[in-house]
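Notes follow once the structure below has been shown.
Residue numbers (our numbering), protein chains in the order written: chain A, 1 to 371; chain B, 372 to 480.
Written as structure tokens, this is what we have:
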């Protein structure tokens with residue numbers, strides 16, 4: 001697999017995994033929201049612009065697009081755009097909090113082809129989930145899952161951001177998914193968006209990372225978006241998937257106003273590659289922009305070069321380093337060898353990168369009980 | 372999943388998309404949602420040529436692949452058949468497409 005990983009680092013003619021956030025509007029205010037969503041942005045792509053982007057994805061043979069937000073189902077043209085994409089051979093996987101997924105909508109979705117649904121859930125019980133996603137959000141998600149099951153949608157996905165508080169619930173999540181005939185997807189908490197403000201209290205502790213690594217090895221059918229490769233340094237067995245940072249190489253993000261970022265976890269000017277409204281559109285950006293060209297160059301292991309585990313963990317996640325103020329060519333803040341904690345200790349608190357994209361509603365965000 | 376039987380004709384599953392890439396091609400199965408990497412342009416040409424030939428070896432010949440290299444290409448085709456990316460061409464040999472039992476070959480994000 002090593003040879004392939006090296007080839008993928010050089011970039012592909014089109015992304016494997018393209019995330020498209022349809023709107024910044026959201027009825028929830030999750031404390032770890034990567035895109036600091038809440039309020040719709042008046043510059044969001046129109047229906048015609050969104051369809052033009054889909055046309056370009058189809059021409060580039062983007063096999064599927066991961067639609068998110070904000071809450072994508074809040075867009076009035078949501079079904080129109082999903083139908084348009086699938087009719088063009090671009091499969092859709094969309095993430096939703098379930099609040100607009102009524103029984104009637106579930107029936108419509110079940111009748112569509114090339115479609116996957118991910119219901120976001122960050123706790124296996126209401127208390128754990130709602131502390132992060134807001135009061136009532138657990139019940140909302142359960143109602144949506146019930147609707148999908150009743151409509152015989154088939155195997156949808158339950159998408160969980162792993163935190164300090166829900167790691168003890170991994171088996172409960174799996175049981176919940178199995179009960180619905182659903183797939184479980186676990187992804188890594190990133191200190192991006194509002195997550196930058198809550199990461200310190202929410203990210204898994206060192207002993208929990210070990211638990212997670214072994215649990216994932218024991219459950220190879222659980223999807224991860226390949227987001228836990230920094231854990232590979234914990235043992236001889238690598239987690240399944242591509243062991244690399246895909247930013248600008250195999251993944252990227254299009255935000256609601258058409259800005260293209262290197263990955264879904266770096267909505268910051270530093271990692272903005274261009275806008276799809278510019279001449280040449282998305283294809284020009286993906287194939288030729290300076291940022292992605294740079295990211296496809298061989299990257300220095302930097303401070304990690306002297307660590308014997310670099311081949312296993314690849315230095316971890318670029319976004320996690322950036323938003324915690326760490327150098328990009330050094331250890332991940334959650335480095336399993338503990339090098340990240342040392343580096344974090346030397347970061348000046350005021351030196352963290354300021355947010356350049358924030359659509360939060362002007363409401364207080366509070367955390368639930370912390371461990 | 373179907374075993375690749377050398378006496379049969381084979382072709383890409385109709386719900387598999389093939390996208391040329393510098394290293395060969397990326398294949399995506401819209402039914403089982405898996406990705407596969409076809410890691411040489413020769414393998415891509417071979418896969419595309421399969422339906423025009425009664426057997427895989429007929430396609431090997433037509434693509435100018437030397438017999439000494441056939442075993443490695445057969446292994447690659449076996450892997451694609453195991454993961455449901457290749458299916459027999461003749462209608463009577465079509466396997467039931469039990470996508471939910473698709474093998475763990477390939478990558479899912």
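We put the beta carbon where it would ideally sit given N, CA and C, even for glycine. What you are looking at is a predicted structure, and each value in this text was computed from that prediction instead of being measured.
Asked: Closer than 9 Å to chain B by CB, residue 236 of chain A; Found: no
Asked: CB contact below 9 Å: residue 68 of chain A versus chain B; Found: no
Asked: Residue-level contact to chain A via CB, residue 446 of chain B, 9 Å cutoff; Found: no
Asked: Nonlocal neighbours in the same chain, by C-beta distance under 7 Å from residue 259 of chain A, ignoring five residues either side; Found: 272 and 275
Asked: Distance CB(residue 372 of chain A)-CB(residue 30 of chain A) smaller than 9 Å; Found: Only positions 1 to 371 of chain A appear in the structure, and residue 372 of chain A is not among them; the question remains open.
Asked: Option in A:182, A:290 and A:77 with minimal Cα separation from residue 22 of chain A; Found: A:77
Asked: Residues near residue 226 of chain A in its chain [Cβ-Cβ closer than 7 Å; skip 5 each side]; Found: 241 and 242
Asked: C-beta contact flag for residue 343 of chain A and residue 326 of chain A at 9 Å; Found: yes
Asked: Collapsed DSSP secondary structure at residue 100 of chain A in the structure displayed; Found: coil
Asked: One or two residues paired with residue 93 of chain A in a DSSP bridge; Found: A:66 and A:116
Asked: Contacts that residue 408 of chain B makes with chain A (C-beta to C-beta distance below 9 Å); Found: 4, 7 and 8
Asked: Three-pair Cβ contact test at 8 Å for the region 92-107 of chain A versus the region 45-61 of chain A; Found: no
Asked: Where the alpha helix (DSSP H) through residue 406 of chain A begins and ends; Found: Because chain A here runs from 1 to 371, residue 406 of chain A falls outside it and cannot be looked at.
Asked: Inter-residue spacing [alpha-carbon to alpha-carbon] between residue 253 of chain A and residue 19 of chain A; Found: 5 Å
Asked: Residue 359 of chain A burial status per 10 Å Cβ neighbour count (16 or more: buried); Found: buried
Asked: Among A:79, A:130, A:126 and A:145, the one whose alpha carbon lies nearest that of residue 113 of chain A; Found: A:79
Asked: Backbone CA spacing between residue 345 of chain A and residue 299 of chain A [nearest angstrom]; Found: 25 Å
Asked: Residue-level contact to chain B via CB, residue 167 of chain A, 9 Å cutoff; Found: no
Asked: Contiguous beta strand (DSSP E) assignments of at least 3 residues, all confined to the region 285-355 of chain A; Found: none
Asked: Start-to-end residues for the alpha helix (DSSP H) that takes in residue 419 of chain B; Found: 412-420
Asked: Sequence-distant residues of the same chain with beta carbon closer than 6 Å to residue 380 of chain B, five excluded per side; Found: 425 and 460
Asked: Beta bridge counterpart(s) of residue 187 of chain A as assigned by DSSP; Found: A:161
Asked: Inter-residue Cα distance where the pair is residue 339 of chain A and residue 231 of chain A; Found: 13 Å
Asked: Residue 464 of chain B (DSSP reduced to helix, strand or coil); Found: Reliability of the predicted coordinates at residue 464 of chain B is poor, the pLDDT of 45 falling under 50, and the value obtained from them is presented with this limitation in mind. The answer is helix: DSSP assigns residue 464 of chain B an H, G or I state.
Asked: Backbone secondary structure at residue 359 of chain A - three-state DSSP; Found: coil
Asked: One or two residues paired with residue 260 of chain A in a DSSP bridge; Found: A:254 and A:274
Asked: Local conformation of residue 19 of chain A per DSSP, three classes; Found: strand
Asked: N- and C-terminal bounds of the alpha helix (DSSP H) containing residue 54 of chain A; Found: 47-59
Asked: Residues near residue 170 of chain A in its chain [Cβ-Cβ closer than 6 Å; skip 5 each side]; Found: 215
Asked: Cutoff 6 Å; reference residue 238 of chain A; Cβ partners in own chain excluding five residues on either side; Found: 232
Asked: Residue 397 of chain B at chain A interface by Cβ criterion, 9 Å; Found: yes
Asked: Residue 385 of chain B, DSSP secondary structure in three states; Found: coil
Asked: Cβ-based contacts, 8 Å cut-off: residues of the region 381-394 of chain B near chain A; Found: 388, 390, 391, 392, 393 and 394
Asked: Where residue 391 of chain B sits in the DSSP three-state scheme; Found: strand
Asked: Of the listed residues A:55, A:9 and A:25, nearest to residue 280 of chain A (C-alpha basis); Found: A:55
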